[in-house]
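In the working numbering, the protein residues as written are 611 to 686.
Here's the structure we're looking at; comments come further down.
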């Protein structure tokens, strides 16, 4: 019951912010996938990694060590 009240409180705050002309964005770190011996990072639904064992990394970290896939073009 307490969780439900908390969720509605968050919804109310977001509605007030949107009504006042402000836009509130909540983002979490973007995750991308890298295969075991891969040289590039992929979006989770990329056909090149479908069915393979992958490691998930934060996009900022992956960008430092790998290049983006030319097929799925993961957003950064």
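Here a beta-carbon is modelled for each residue, glycine too, at the ideal position from N, C-alpha and C.
Please identify the residue among the options whose C-alpha is closest to the C-alpha of residue i.
i, options, result
"residue 659", "641, 669, 646 and 674", "646"
"residue 640", "649, 679, 681 and 666", "666"
If you run the structure through DSSP and keep just helix, strand and coil, what is residue i?
i, result
"residue 612", "Confidence at residue 612 is low in this model, with a pLDDT of 49, below 50, so its placement is unreliable and the value that follows should be read with caution. Three-state DSSP puts residue 612 in a helix."
"residue 666", "strand"
Taking only the alpha-carbon atoms, compute the straight-line gap between residue i and residue j and give it to the nearest angstrom.
i, j, result
"residue 664", "residue 644", "5 Å"
"residue 655", "residue 668", "16 Å"
"residue 678", "residue 651", "5 Å"
"residue 657", "residue 649", "15 Å"
"residue 672", "residue 682", "15 Å"
"residue 662", "residue 670", "22 Å"
"residue 684", "residue 675", "15 Å"
The ligand COA and residue i: does any heavy atom of the ligand fall closer than 8 Å to the residue's C-beta?
i, result
"residue 672", "With respect to small molecules bound, the structure shown includes none, and the ligand COA cannot be examined in it."
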